[in-house]
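2 protein chains.
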Amino acid sequence: MRIVKEAEIRKSEILDTAEKLFVRKGYENTSTTDILGEIGIARGTLYYHFKSKEDILIAMIDRQVGQMAAKAKAVAENREIPALQRLILAVSAMKADNGLGKELTEQMHKPHNALMHQKAQAALLSEVNPILTGILKEAVDEGVCSTDYPDAVIDMIMVYTGHTFDDLSEIAEDEREKKIDGFIYNTERLLCAAEGSLRELILPLFAR
Amino acid sequence: MRIVKEAEIRKSEILDTAEKLFVRKGYENTSTTDILGEIGIARGTLYYHFKSKEDILIAMIDRQVGQMAAKAKAVAENREIPALQRLILAVSAMKADNGLGKELTEQMHKPHNALMHQKAQAALLSEVNPILTGILKEAVDEGVCSTDYPDAVIDMIMVYTGHTFDDLSEIAEDEREKKIDGFIYNTERLLCAAEGSLRELILPLFAR
DNA sequence: GACCCTCGACCGACAACCTGTCGGTAACAG
DNA sequence: CTGTTACCGACAGGTTGTCGGTCGAGGGTC
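Heads up: the protein sequence lines correspond to chains A and B, in order.
Per my numbering, the very first residue in the first sequence carries number 1; after that it's consecutive.
Per my numbering, the very first residue in the second sequence carries number 209; after that it's consecutive.
As structure tokens, then:
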């Protein structure tokens with residue numbers, strides 16, 4: 001009844017299980033007891049490895065975001081691809097990574113998981129923003145678009161999409177399309193790109 | 209020991225107290241018992257008037273947002289003022305309303321109150337966005353700026369400011385200024401206004 | 001090999017909360 | 001006198017985090 005494992009292994013076992021449950025039932029609705037039951041360990045064990053339930057959440061998010069950032073970075077470094085296109089690729093690489101992504105981001109936006117969403121958003125911002133900003137700067141250098149504040153542009157776009165498009169479910173199809181059109185239009189404006197010039201590039205990101 | 213009041217009076221008494229405590233300690237860290245103690249009523253009384261703790265939060269936010277929307281609306285209808293200027297006035301009217309606003313918005317951004325922030329943001333969006341969009345449309349008609357998607361522009365700006373500038377504390381002064389500069393620049397881009405043309409108008413909103 | 005000891009991983013009872021329910025009570029209106 | 005509205009407080013059920021104690025693998029020592 002007492003199975004001893006190396007700390008790192010136990011830790012990721014706990015994270016795996018927590019992730020699964022958080023995705024399925026949401027953060028608030030998952031009790032530490034649920035996690036214990038699923039793994040078959042005792043209360044004390046969990047609190048030996050993590051100092052609180054929130055600590056688990058943070059670790060889980062860091063893991064996810066770290067993976068996403070890594071994928072984005074890999075794409076970012078491939079200088080063969082035109083910068084603007086690479087920017088889009090980096091974003092879609094992150095979406096793809098997210099194996100459980102679909103359900104996770106869906107959960108995220110349920111009001112219950114506000115904390116989870118907020119923490120994920122913050123982590124994503126601080127990890128990924130610099131990477132995307134780097135690519136955008138290259139795009140500006142290439143002369144395909146222009147802005148004096150690439151960092152602020154990425155910020156604005158990330159915050160907006162994180163808030164608006166994660167819960168693509170729920171809303172009506174035509175509503176969604178209108179939002180996407182507006183978003184593309186605004187993005188073109190922010191980058192001083194000709195109207196319609198980014199449409200084909202951006203649209204695939206919203207395919208489903 | 210048993211003081212009977214009319215339902216509406218009790219309700220707003222509860223909301224007042226809850227608001228005070230939520231602002232001071234945050235939503236998660238305020239227990240219903242705290243509220244009871246502060247007012248001097250029994251558990252059952254609170255749950256006679258509200259069906260849950262979250263219900264109290266929602267009612268409190270609706271009250272706040274309702275007041276803010278009303279102020280904004282009042283300003284919006286004053287056609288004497290140029291639309292673009294009116295837009296700014298409407299925004300600053302909302303900030304002013306918020307008597308406890310400073311502390312409230314500060315609390316909002318502490319990770320603990322993610323739920324509160326999220327709900328407030330959503331309510332604000334749906335109430336205030338149409339009002340501001342209306343003003344922006346007038347501005348476009350006046351010819352002082354242009355956009356095909358006024359609604360999306362307001363959306364983007366509200367989401368971004370709600371996320372980024374509420375927690376103006378915490379970050380360094382120069383960091384803050386850079387963010388503001390970027391924001392103004394981006395706003396000008398979104399509205400197709402000449403660079404620098406909105407600066408004097410927008411800047412006062414960030415005064416402190 | 002036999003002994004001991006340390007220390008990391010683990011256990012589970014328990015304290016200290018928390019929210020929401022429910023049967024019952026007081027007062028007022030009609 | 002009766003129905004309704006506002007109120008009470010004990011209590012059920014659930015939550016997180018703590019803490020003293022256990023177990024055993026591995027390292028020294030003889």
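Just so you know, even glycine gets a beta-carbon here, dropped at the ideal spot from N, CA and C.
State the DSSP-derived secondary structure class of residue i, mapped to helix, strand or coil.
i: T238(B); result: coil
i: R210(B); result: coil
i: I56(A); result: helix
i: S354(B); result: coil
i: N286(B); result: coil
i: G342(B); result: helix
i: E195(A); result: coil
i: R24(A); result: helix
i: G248(B); result: coil
i: R416(B); result: coil
i: A322(B); result: helix
i: K272(A); result: The displayed coordinates of chain A run from 1 to 208. Any statement about residue 272(A) would go beyond what the structure contains.
i: I410(B); result: helix
i: H109(A); result: coil
i: A70(A); result: helix
i: A330(B); result: helix
i: F391(B); result: helix
i: I171(A); result: coil
Beta-carbon of residue i versus every beta-carbon of chain B: anything under 9 Å?
i: A114(A); result: yes
i: C145(A); result: no
i: R211(A); result: Not covered by the structure: residue 211(A). The range shown for chain A is 1 to 208.
i: D148(A); result: yes
i: A194(A); result: no
i: D151(A); result: yes
i: I204(A); result: In the sequence under discussion, the amino acid at residue 204(A) is Pro, which differs from the Ile named in the question. False, the Cβ-Cβ gap to chain B never drops below 9 Å.
i: T105(A); result: no
Could you check whether the Cβ of residue i sits closer than 9 Å to any Cβ belonging to chain A?
i: G390(B); result: yes
i: L292(B); result: no
i: M364(B); result: yes
i: K387(B); result: yes
i: Y255(B); result: no
i: T240(B); result: no
i: V367(B); result: yes
i: N394(B); result: yes
i: K327(B); result: yes
i: P319(B); result: yes
i: T341(B); result: no
Considering only the alpha carbon of each residue, which of the options lies closest to residue i?
i: N394(B); options: D148(A), L21(A), R43(A); result: D148(A)
i: I289(B); options: I343(B), E262(B), G234(B), R232(B); result: I343(B)
i: A264(A); options: L190(A), R189(A), E177(A); result: What is shown of chain A runs 1 to 208, which leaves residue 264(A) out entirely.
i: I184(A); options: E170(A), I171(A), L205(A), E173(A); result: L205(A)
i: H163(A); options: L399(B), T341(B), A330(B); result: A330(B)
i: E221(B); options: G234(B), I249(B), E236(B); result: I249(B)
i: E106(A); options: M158(A), T32(A), D181(A), Y27(A); result: Y27(A)
i: A18(A); options: S126(A), E54(A), I3(A); result: E54(A)
i: A59(A); options: V153(A), E8(A), C192(A); result: E8(A)
i: I154(A); options: R210(B), G390(B), T253(B), G252(B); result: G390(B)
i: L253(B); options: I211(B), A380(B), H320(B), L340(B); result: Note that residue 253(B) corresponds to Thr in the displayed sequence, not to Leu. Measuring from the Cα of T253(B), the nearest candidate turns out to be I211(B).
i: K303(B); options: V352(B), E396(B), L265(B), A277(B); result: A277(B)
Rounded to the nearest angstrom, what separates residue i and residue j at their Cα positions?
i: S92(A); j: L36(A); result: 35 Å
i: E86(A); j: K11(A); result: Note that residue 86(A) is Arg in the sequence shown here, rather than Glu. Near 35 Å, if we compare the C-alpha coordinates of K11(A) and R86(A).
i: A139(A); j: S146(A); result: 8 Å
i: E142(A); j: R79(A); result: 12 Å
i: D151(A); j: L15(A); result: 32 Å
i: V283(B); j: M364(B); result: 21 Å
i: F50(A); j: K73(A); result: 29 Å
i: E408(B); j: D382(B); result: 19 Å
i: H239(A); j: F230(B); result: This structure leaves residue 239(A) out entirely; chain A is present only between 1 and 208.
i: V159(A); j: Y48(A); result: 36 Å
i: E403(B); j: V336(B); result: 27 Å
i: I269(B); j: T238(B); result: 16 Å
i: I39(A); j: E6(A); result: 15 Å
i: N113(A); j: L411(B); result: 35 Å
i: L84(A); j: T133(A); result: 11 Å
i: R271(B); j: L333(B); result: 14 Å
i: G66(A); j: R189(A); result: 31 Å
i: F423(B); j: R24(A); result: The structure shown has nothing for residue 423(B), since chain B only spans 209 to 416.
i: I171(A); j: L265(B); result: 24 Å
i: M108(A); j: H317(B); result: 17 Å
i: L323(B); j: V144(A); result: 41 Å
i: K228(B); j: K279(B); result: 22 Å
i: K119(A); j: P319(B); result: 8 Å
Any heavy atom of the ligand SAM inside 8 Å of the beta-carbon of residue i?
i: Q121(A); result: Among the components of this structure there are no ligands whatsoever, and the ligand SAM is therefore not found.
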